[in-house]
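Peer 1:
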Amino acid sequence: MPEDNVIDFATEKIRRGDHMVRGTAADGLIRAIAVTARDTVETAHQNHSTSSVATAALGRLMMGALMMSTTMKSEDELLTLQIAGDGPLGGITVTANSKGQVKGFVNHPNVWLPPNGRGKLDVGGAVGSGSLTVIRDMPGAEPYTSQVGLVSGEIGDDLAGYFVLSDQIPTSVGVGVLVNSDTTVRQAGGFLIQLMPGYDDELIDRLEAALTGVSSVTDMLERGMGPSEILESLLGDFGYQELEVSPVEFHCGCNHERAKRAALALGEDELRDMIAKDETAEIYCHFCGKRHYLTPDELRDLLSDKD
Ligand SMILES: [Zn+2]
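Counting in our numbering, the sequence shown runs from 892 upward without gaps.
1. When you compare the CB positions of residue 1018 and residue 1041, do they come within less than 9 Å of one another, or not?
2. Check whether chain B comes within 9 Å of residue 1073, counting only Cβ atoms and requiring the distance to be less than that.
3. Leaving aside the five residues before and after residue 934 along the sequence, list all residues of the same chain whose C-beta is less than 6 Å from its C-beta, in chain order.
4. In the DSSP assignment, find the unbroken alpha helix (DSSP H) run with residue 1138 in it and report its ends.
5. Can you tell me the Cα-Cα spacing of residue 951 and residue 1066, whole angstroms?
6. With a cut-off of 8 Å on the beta carbons, I'd call residue 1129 and residue 917 a contact; round off their distance for me.
7. Are the Cβ atoms of residue 1021 and residue 995 separated by less than 9 Å?
8. Once DSSP output is grouped into helix, strand and coil, what is the label at residue 1193?
9. For residue 1147, count the other beta carbons within 10 Å of its own beta carbon; 16 or more makes it buried, fewer makes it exposed. Which is it?
10. Checking the sheet assignment: what are the DSSP bridge partners for residue 1027?
11. Considering only their Cβ atoms, is the gap separating residue 957 from residue 926 smaller than 9 Å?
12. Using only alpha-carbon positions, find the residue among 1178, 1180, 1188 and 1176 that is nearest to residue 1168.
13. Give a yes or no on whether the C-beta atoms belonging to residue 1068 and residue 1004 are separated by under 9 Å.
14. Confirm, please, whether the CB-CB distance from residue 985 to residue 955 is below 9 Å.
15. For residue 1062, write down the residues that DSSP places opposite it in a beta bridge.
16. Check whether the Cβ of residue 1151 sits closer than 8 Å to any heavy atom of ligand 1, and report yes or no.
17. Determine whether the beta carbon atoms of residue 1155 and residue 1126 lie at a separation below 9 Å.
18. Are the region 1024–1041 and the region 960–979 touching, with three or more C-beta to C-beta distances below 8 Å?
19. Within 10 Å of its beta-carbon, does residue 1071 have 16 or more other beta-carbons around it, so buried, or fewer, so exposed?
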């Protein structure tokens, strides 16, 4: 049987869960990424007991980080996005790696706001105005950090603004989270489309026209479209070609050993004090909401290992 006729079962399996697709169009002048991530965002919602508007804000930034992580140069690179805003959410922090794993939290997960003028979750109002910081961490190198002001606090515009201001790359980002009345996540997805060096004004105009008036990502997901169909519908007229399909998930690498290292950071005096009072240390992981407990005996071992 010729190889072209072999169904790629592994890829088909990936497509049934949260996943990302990466593609290209206009002879390589357009780079495109799209993601569907309902379970990933629902995990964040459950881990942090986020309100609906907090789920939407966190989910949008997590999906932005996942899509941006496909542009990383090294497999070992870590990408962290931090939003600091003057709105009631306070701030959002997410980290994604090159394996499609993402984690994140908001400073104030219980924020409730009435819907905005369009009847949608008021993410912009919850975030407020402030800044977006992008940190690229490479092992053995100084982290590369750059910061831009927020455009609207709606996350998609802010990520696009970052690429335009920081990297001079014309970029369009759409990210959306649709929440059920019981606050669980119904749909979550996004796309990121960029122009690569060599484009001309005509291509910009055509792309702008193609992206004007498209329905929201969550509308497309509700109609049963996946990331591949979304990019095909946006870029079909530009000779869209899919390059890669890969799984995404919420994943935090915290564990008991890392909790011990975090406990050491509390300082020797604090640890001796807890041991004296026979207290169990609780190390809370902000990224996934897990609590790690260290017994007084373990704390004692930590101090003796240190000497
Ligand atoms: Zn964790």
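Backbone N, C-alpha and C fix where the C-beta goes; we use that ideal spot for every residue, glycine too. Quantities reported herein were computed from a predicted structural model and do not represent experimental measurements.
Peer 2: With the given structure in hand:
1. yes
2. Among the chains in the structure shown there is no chain B, since it carries only a single protein chain.
3. Here the set comprises 1141.
4. No alpha helix (DSSP H) contains residue 1138, which is instead part of the beta strand (DSSP E) from 1132–1138.
5. 5 Å
6. 5 Å
7. no
8. helix
9. exposed
10. 970 and 1035
11. Contact: yes.
12. 1188
13. no
14. yes
15. 1085
16. Distances between the C-beta of residue 1151 and the heavy atoms of ligand 1 are all 8 Å or more.
17. no
18. Counting Cβ pairs under 8 Å, three or more are found: they touch.
19. exposed
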